[in-house]
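**Q** Okay, handing you the structure first.
Residue numbers (the UniProt record's numbering): 1 to 595.
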């Protein structure tokens, strides 16, 4: 296919680093995306994605003439680097970047590797078909861009909550039956669409890492492969999710092999554990592929699993492919599952895990001494217990962080007060857990505002970087906190945050219900950084950015210049966006390294 043009808007020059190669010279011109040519462009690229979702397709591959679209790559920032995908386009194996389309909607871009032969033959044809697939449960691909070295970038709609794998293994995220069944229904519906296409499309790597969740927790499938010329016989996929017949290489991938993968995915969802955890990988694959065992080797299911769920999983991973249900049947069986039974199951599992119980109600067994130690720094708590007066203290340089909930005023006016309180309780519990993890001192909560500080309760030379890491983790935690715990349609919480480093005075105010708080212009400036930030973003001052830099790599964060902005009472200030560094918290697993 001919290139569609070279006039792609390079956007604002910024620099980013490839986590594997250090400084990447390709990234100097466009923040990591040297977009010299658009190879394939979805006609919906640059349009309002809410409008484009009306045409969901009916199982046929529509033909729409490709046309040139301009990418506005304003404020591109690296947000993650995964090494999770085997086969298909390997789009998760490289860096992921974010940018804005022409209407200001966020899009994701993945850099990935393909062979030159594949790039020159079927790659463009396959991507062109993918860009014309429109369905609410299929991740929309806007197109592909090429840089000067023929390294493709796949441009897709933004998925605010990342992958299902991210949610499953985030223990602070509480599963509800209705939300879970909606996810399963979305996955099954997406697979029905792919299998009913003409010709049928096989996923070949269905697993939680390839299921993405939007801001409303709706699931969308990604990383499936359009196979041309009947090449489905290739050894593609991730081993633990491969059907036994595929591991034995007895024939091509089939619809039934996708169903087997669904069985493993169901196991992960209902156990929130990785399959075959702690077992020898080679032994696992040998046993799964062995047809001579008396009982097929599969992950062990919990004894208390609802019978309908257990039966569905067993049917999906049946050793005989012909006995596995089609996805139409899987969707029907999911629809028949009872929300109450699912909730009862998860509540029972949570009750047996003391750590999870503590997360649900951390105040159950808190002693007065422990409560004091959480409300005040240790030396202040000790003085108060002994009845001594606490004098104000001056701290020359601390980092003060604020965040608040985007749209909180509207929520408060439209939601019952008890639901608002429940939302804040779940959000603050998640942030409190992060504060403990990063050794940040929580100062106060006022309505929806959360105030924390570092280098105050103990000496912390890395205080700015510590707050930066806490801040980006706080955004991620908020994005997995449902606004309404019983209704997924309300989506999840979005916060905005900001911080500043400087001098403060700390003291205990009052004798009845004494309150430890901080004062000074540093607090005011940090508050301005929060109020002038944006949803799901963290802003900091130049002073904080300079303190972060020596520790940025250690804490997995980056600072990106925002430019000069007007700040009330301060005039114009140079501020910075704080983002996750590429590859932060990426832990290789067995399936990531095979093949």
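Just so you know, even glycine gets a beta-carbon here, dropped at the ideal spot from N, CA and C.
(1) Please state whether DSSP places residue 580 in a helix, a strand or coil.
(2) Looking at the structure shown, is residue 134 part of a helix, part of a strand, or coil, going by DSSP?
(3) Do you know offhand how far residue 521's Cα is from residue 555's?
(4) Can you tell me the Cα-Cα spacing of residue 486 and residue 472, whole angstroms?
(5) Using the C-alpha atoms, what's the distance from residue 291 back to residue 481?
(6) Using the rule of at least 16 other Cβ atoms within 10 Å of the residue's Cβ for burial, across every protein chain shown, is residue 294 buried or exposed?
(7) Return the bridge partner residues of residue 142 from the DSSP annotation.
(8) Whether or not the segment 496–515 and the segment 523–531 are in contact is what I'm after, with contact meaning three or more pairs of Cβ atoms, one per stretch, closer than 8 angstroms; do they touch?
(9) Excluding five sequence neighbours on each side, which residues of the same chain lie with their C-beta closer than 7 angstroms to the C-beta of residue 276?
(10) Shorter than 9 angstroms from the beta carbon of residue 383 to some beta carbon of chain D?
(11) Is it the case that the segment 458–468 contacts the segment 540–548, given that we only count it when at least three CB pairs across the two stretches are under 8 angstroms?
(12) On the DSSP letters alone, give me the boundaries of the beta strand (DSSP E) that residue 220 sits inside.
(13) Look up residue 403 in the DSSP assignment and give the residues it is bridged to.
(14) So what does DSSP say about residue 260, is it helix, strand or coil?
(15) Please return the same chain residues whose Cβ sits closer than 7 angstroms to the Cβ of residue 440, not counting the five positions on each side in sequence.
(16) I need the DSSP call for residue 575, collapsed to helix, strand or coil.
(17) Residues bridged to residue 566 by DSSP?
(18) Measure from the alpha carbon of residue 582 to the alpha carbon of each residue in 341, 572, 558, 574, then state which is nearest.
(19) Between 416, 399, 427, 413, which lies nearest to residue 548 when the distance is taken from Cα to Cα?
(20) Helix, strand or coil, according to DSSP, for residue 95 in the structure here?
(21) In or out: residue 179 buried (at least 16 other Cβ within 10 Å) or exposed?
(22) Whole-angstrom Cβ separation of residue 138 and residue 193, contact assumed at under 8 angstroms?
(23) Considering just the uninterrupted stretch of the alpha helix (DSSP H) at residue 332, what are its terminal residues?
(24) Which residue wins for smallest C-alpha separation from residue 457, given the options 202, 416, 377?
(25) Please classify residue 152 as buried or exposed, where buried requires at least 16 neighbouring CB atoms within 10 angstroms.
(26) Between the Cα of residue 517 and those of 321, 306, 444, spot the shortest distance and give me the residue it belongs to.
(27) Compare the beta carbon distance of residue 308 and residue 341 with 9 angstroms and say whether it is the shorter of the two.
(28) If we call anything under 9 angstroms between Cβ atoms a contact, is residue 209 one with residue 247?
(29) Whose CA, out of 560, 553, 168, 245, lies closest to the CA of residue 539?
(30) Would you report the Cα separation of residue 186 and residue 160, rounded to the nearest angstrom?
(31) Residues in the same chain with beta-carbon distance under 7 angstroms from residue 602, minus the five sequence neighbours each way, listed in chain order, please.
(32) Using DSSP's beta-bridge definition, name the partner residues of residue 538.
(33) Taking only three categories from DSSP, how would you classify residue 317?
(34) Have a look at residue 325 and residue 256 and give me their C-alpha separation to the nearest angstrom.
(35) Taking the alpha carbon of residue 218 as the reference point, which residue from 243, 253, 181 has its own alpha carbon closest?
**A** Judging by the given coordinates:
(1) strand
(2) coil
(3) 27 angstroms
(4) 26 angstroms
(5) 44 angstroms
(6) exposed
(7) None; residue 142 has no bridge partner.
(8) yes
(9) 240, 284, 299
(10) In the structure shown, chain D does not exist; there is a single protein chain.
(11) yes
(12) 219–221
(13) 450, 497
(14) helix
(15) 452, 454, 466, 467, 470
(16) strand
(17) 572
(18) 558
(19) 399
(20) Low confidence applies here, because residue 95 scores a pLDDT of 45, under 50, leaving its location unreliable; read the following figure in that light. The answer is strand: DSSP assigns residue 95 an E or B state.
(21) buried
(22) 7 angstroms
(23) 327–336
(24) 377
(25) buried
(26) 444
(27) yes
(28) no
(29) 560
(30) 16 angstroms
(31) What the structure shows of the chain is the stretch from 1 to 595, and residue 602 is not part of that stretch, so it cannot be assessed.
(32) 497, 578
(33) coil
(34) 8 angstroms
(35) 181
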